[in-house]
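Participant: Chains as they are written, first to last, in the numbering used here: chain G, 22 to 298; chain P, 22 to 298. Where a beta carbon is used, it is the ideal one built from N, C-alpha and C, also for glycine. In this text, all values refer to a predicted model and were calculated from it rather than measured experimentally. Sharing a structure below in C-alpha cells format, with a few things to ask.
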C-alpha cells in the first residue's frame with residue numbers, strides 16, 4: 022500500500038448512527054462539509070423524514086449510499102412473527118432501492134433460549150424468502166456476523182465462517198457478508214475467511230471502528246479507530262487483497278462521542294481514518 | 022441421563038470467587054453446611070490465610086479441590102516480564118500441590134496491540150516452560166478458552182479449537198482444557214470440539230454459570246444457572262458422553278450476588294445446579 026493511498030479519504034463512508042444526535046439533513050450537510058463522500062443510512066432516520074425527502078437530500082448532495090441499516094432479525098418462536106420479519110425485510114429492501122443504497126445490512130437475529138443451530142436455519146429460510154424481492158430491486162443482502170457477546174439476542178451468526186455457510190447454501194450473487202472489524206477482529210480464521218469471501222465474491226461491506234481495551238458497555242462503547250486494540254490496517258490489507266473496492270464505513274456507537282460536538286467529531290473521524298485505517 | 026443422576030449433587034463444586042465476600046474459612050464451612058463436597062480455590066485467598074493453614078482447613082473438611090485458579094498471563098512485550106509470568110505459574114503449581122488441587126486453570130493472557138497469533142505463540146512457549154515443574158508436582162494445566170470479549174487483554178485463546186491446537190502441539194498428558202459454558206456456549210463447533218477433547222483426553226474441567234440476556238457488565242454480571250440463555254444440560258450431556266467424570270464447578274462473578282447473604286446464595290446455587298445442570 023503506498024503512502025498516497027493511505028492519505029486518500031475517497032473510500033470513507035460514515036453511518037448515520039455514528040452521529041446519532043444529528044438528523045439525516047445534518048449528517049448530509051456535516052459529511053459533505055468534511056469532504057466525506059459516502060453515507061450509510063440507518064432506518065431510524067425515516068421516523069423524522071420521508072423516504073422521498075431522504076432520497077432527494079442524498080441525491081442533491083451527491084453522496085454515495087453503500088448501505089441501509091438494518092434488516093434481519095429473522096428467527097422467532099412462531100410463524101406469524103417470522104412472516105412479520107420477512108415483510109419488514111422487504112420494506113427495508115424497498116427503502117434501500119428508494120434511496121439508492123447498494124445493500125441492506127442484515128443483523129440476523131437470535132432468540133434467547135432457542136438453539137443457535139435452529140436460529141441459523143430460520144435465518145437461512147428468512148433470507149431465502151426475501152431473495153426474490155431483493156432480486157427484483159437489485160439490492161444486495163449483506164449478512165453481518167456480530168460479536169459472540171451478541172449471540173443471545175441479536176445475532177446467531179458470530180463468525181465470518183458461519184455467514185459463509187449461509188452464503189454457500191443460498192448460492193446467490195446478491196447474498197454476501199458485511200465485515201465489521203469490531204465483531205470479528207479476534208477470530209483466528211479471519212484472514213483465511215476474508216480470502217475465501219474474496220474468491221467467492223461475497224465480501225460486500227467493510228465497517229471500521231475500534232475495540233476499547235476497557236470496554237464499559239456491551240453496546241455503546243465502541244472506540245474511534247486508533248483508540249483500541251484492533252489492527253485495522255492489517256485487516257484492510259486482507260480485505261483489499263481480495264480486490265474489494267467498496268467503501269470503508271465508519272460505524273461507532275458511543276455514548277461518549279454522542280455527547281461531543283458532532284461536527285468536531287466528524288473531523289476527528291476523518292483524521293483517525295487517514296491515520297489508522 | 023436418568024432423573025436420579027439429575028438429582029445428584031455429588032459432582033457439584035464451587036469456586037471461592039463465586040462467594041467473593043467470604044474468606045476461605047467461611048467458604049469451607051458454608052459449602053460443607055450446604056452439602057457441597059468440592060471447592061475450587063482462587064489464589065486471592067492466600068492474601069489472608071497461609072498456604073499451610075489453607076491446606077489444613079481443606080483437608081480437615083474433607084473437601085475435594087478440583088482446581089486452583091488462576092495461572093497463565095504468559096504473553097508480554099519483553100522477556101523479563103515473560104520470565105516473571107513463568108515464575109508465577111511455577112509458584113501457582115506449588116500452591117496447587119500444597120492444597121491438593123488437581124489442576125491449575127490457565128487464563129492465558131493477551132497484550133493489547135500484540136497480534137493474537139504472536140500472543141498464542143508466547144502462551145505455548147510459556148506452558149512448555151512450566152511443564153517440567155508441573156510434571157514434578159503432578160499438577161495438571163488446564164487452558165481455559167475465554168469469551169472473545171476478553172481477547173484484547175485477558176486471553177488470546179477464545180475457542181475450544183484454539184486451546185486444542187496448543188494441546189496438540191505440546192502433546193503432554195498434563196496439558197488440557199477447562200471448558201466454561203459462559204465462554205464457549207455460542208461456538209457452533211462446541212459439540213464437535215468437546216467430542217474431540219474427549220478422544221484426545223484433554224477435557225480436564227467443566228465450569229458452569231449462565232449468560233444473562235441483558236448483560237450489564239463484561240466482567241461481573243454472570244448469571245446463576247437457569248437465569249440466562251445457555252442450555253447447560255445439553256452441554257453437560259456432550260461433556261459426559263466423552264466419559265468425563267470430573268466436577269461441575271460453579272463459577273459466577275456477579276456484583277448482584279456478592280451483595281446477597283452468601284449462605285442463602287449457596288443454597289440457591291445447589292438448587293439451581295440440580296434444576297438446570
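#1: In whole angstroms, give me the CA-to-CA distance for residue 263 of chain P and residue 201 of chain P.
#2: Does any CB atom of chain G fall closer than 9 angstroms to the CB of residue 142 of chain P?
#3: For the alpha helix (DSSP H) containing residue 259 of chain G, list its first residue and its last residue.
#4: My parser needs the beta strand (DSSP E) runs of 3 or more residues fully inside the stretch 60-118 of chain P; what are they?
#5: Looking at residue 89 of chain G: is its Cβ nearer than 9 angstroms to the Cβ of residue 63 of chain G?
#6: For residue 241 of chain P and chain G, any beta-carbon pair shorter than 9 angstroms?
#7: Which residue or residues does DSSP assign as beta-bridge partners of residue 176 of chain G?
#8: Quick one: is residue 218 of chain G near chain P, going by C-beta distance under 9 angstroms?
#9: Apart from the five residues just before and just after residue 259 of chain G, which ones in its own chain have a Cβ nearer than 6 angstroms to its Cβ?
#10: Once the 5 residues before and after residue 208 of chain P are set aside, which same chain residues still bring their CB inside 7 angstroms of it?
#11: Could you tell me which chain P residues have their CB closer than 7 angstroms to the CB of residue 325 of chain G, listed as they occur along the chain?
#12: In chain order, what residues of the same chain lie with their CB nearer than 7 angstroms to the CB of residue 143 of chain G, ignoring the 5 residues before and after it?
#13: Any idea what DSSP makes of residue 164 of chain G, helix, strand or coil?
#14: To which residues of the same chain is residue 99 of chain P closer than 7 angstroms at the C-beta, ignoring the five residues directly before and after it?
#15: For residue 227 of chain G, write down the residues that DSSP places opposite it in a beta bridge.
#16: Name the DSSP bridge partner or partners of residue 124 of chain G?
#17: To the nearest angstrom, report how far apart residue 22 of chain P and residue 220 of chain P are at their CA atoms.
#18: For residue 110 of chain G, would you say it is in contact with chain P, using Cβ-to-Cβ distances shorter than 9 angstroms as the test?
#19: CB residue 270 of chain P to CB residue 228 of chain P, shorter than 9 angstroms?
#20: With a threshold of 9 angstroms between beta carbons, is residue 172 of chain G in contact with chain P?
#21: Going along the chain, which residues of the stretch 190-216 of chain G sit with their C-beta nearer than 7 angstroms to a C-beta in chain P?
#22: Taking a Cβ distance cut-off of 7 angstroms, strictly less, list which residues of the stretch 163-188 of chain G are near chain P, in chain order.
#23: Comparing C-alpha positions only, which one of P:250, P:185, P:60, P:164 sits nearest to residue 82 of chain P?
#24: Quick one: give me the first and last residue of the beta strand (DSSP E) that residue 36 of chain P is part of.
#25: Going along chain G, which residues have a C-beta under 9 angstroms from residue 136 of chain P?
#26: Check each candidate in P:244, P:225, P:226, P:240 and name the one with the smallest Cα separation from residue 234 of chain P.
#27: Please determine if the stretch 238-253 of chain P and the stretch 272-282 of chain P are in contact, where contact requires at least 3 C-beta pairs separated by less than 8 angstroms.
#28: State yes or no: is the C-beta of residue 110 of chain P nearer than 8 angstroms to some heavy atom of the ligand FAD?
#29: Of the choices P:155, P:73, P:71, P:75, whose alpha-carbon is the least far from that of residue 109 of chain P?
#30: Relative to the C-alpha of residue 302 of chain P, which residue among G:187, G:265, G:106, G:250 is closest?
#31: CB residue 190 of chain P to CB residue 145 of chain P, shorter than 9 angstroms?
#32: For residue 232 of chain G, which residues from the same chain have a beta carbon less than 7 angstroms from its beta carbon, with the 5 sequence-adjacent residues on both sides left out?
#33: Please report how far the alpha carbon of residue 36 of chain P lies from the alpha carbon of residue 127 of chain P, in whole angstroms.
#34: In whole angstroms, what is the alpha-carbon distance linking residue 166 of chain P and residue 129 of chain P?
#35: Determine the direct distance from the alpha carbon of residue 137 of chain G to that of residue 52 of chain P, and round the result to whole angstroms.
#36: Kindly list the residues whose CB is nearer than 8 angstroms to the CB of residue 291 of chain G, restricted to its own chain and excluding five residues on each side of it in sequence; keep chain order.
Facilitator: Straight from the coordinates:
#1: 16 angstroms
#2: No - not a single Cβ of chain G is within 9 angstroms of the one on residue 142 of chain P.
#3: Start and end: 253-262.
#4: For the beta strand (DSSP E) assignment, the uninterrupted runs of no fewer than 3 residues enclosed by the stretch 60-118 of chain P are, from N- to C-terminal side, 88-93.
#5: yes
#6: no
#7: DSSP lists G:130 as partners of residue 176 of chain G.
#8: no
#9: 212, 215
#10: 180, 181
#11: In the structure displayed, chain G extends from 22 to 298; residue 325 of chain G sits before or after that span and is not available.
#12: 95, 96, 103
#13: strand
#14: For residue 99 of chain P, where only same-chain residues beyond five positions count, there are no Cβ hits under 7 angstroms.
#15: G:200, G:269
#16: G:88, G:161
#17: Model confidence at residue 22 of chain P stands at a pLDDT of 42, short of 50, so the residue's coordinates are unreliable and nothing is read from them.
#18: No Cβ of chain P is located within less than 9 angstroms of the beta carbon of residue 110 of chain G.
#19: yes
#20: yes
#21: 207, 209
#22: 168, 169, 170, 172, 173, 174, 179, 183
#23: P:60
#24: 33-36
#25: Here the neighbours are 252, 255.
#26: P:244
#27: Yes, the stretch 238-253 of chain P touches the stretch 272-282 of chain P.
#28: Summarising the ligand content, the structure contains no ligands, and the ligand FAD is consequently not present.
#29: P:155
#30: The structure shown does not extend to residue 302 of chain P, since chain P is modelled only from 22 through 298, so no value can be given for it.
#31: Going by C-beta atoms, residue 190 of chain P is nearer than 9 angstroms to residue 145 of chain P.
#32: 203, 206, 244, 249, 250, 251
#33: Looking at the two C-alpha atoms, the distance is approximately 15 angstroms.
#34: 8 angstroms
#35: 35 angstroms
#36: 30, 33, 55, 56, 57
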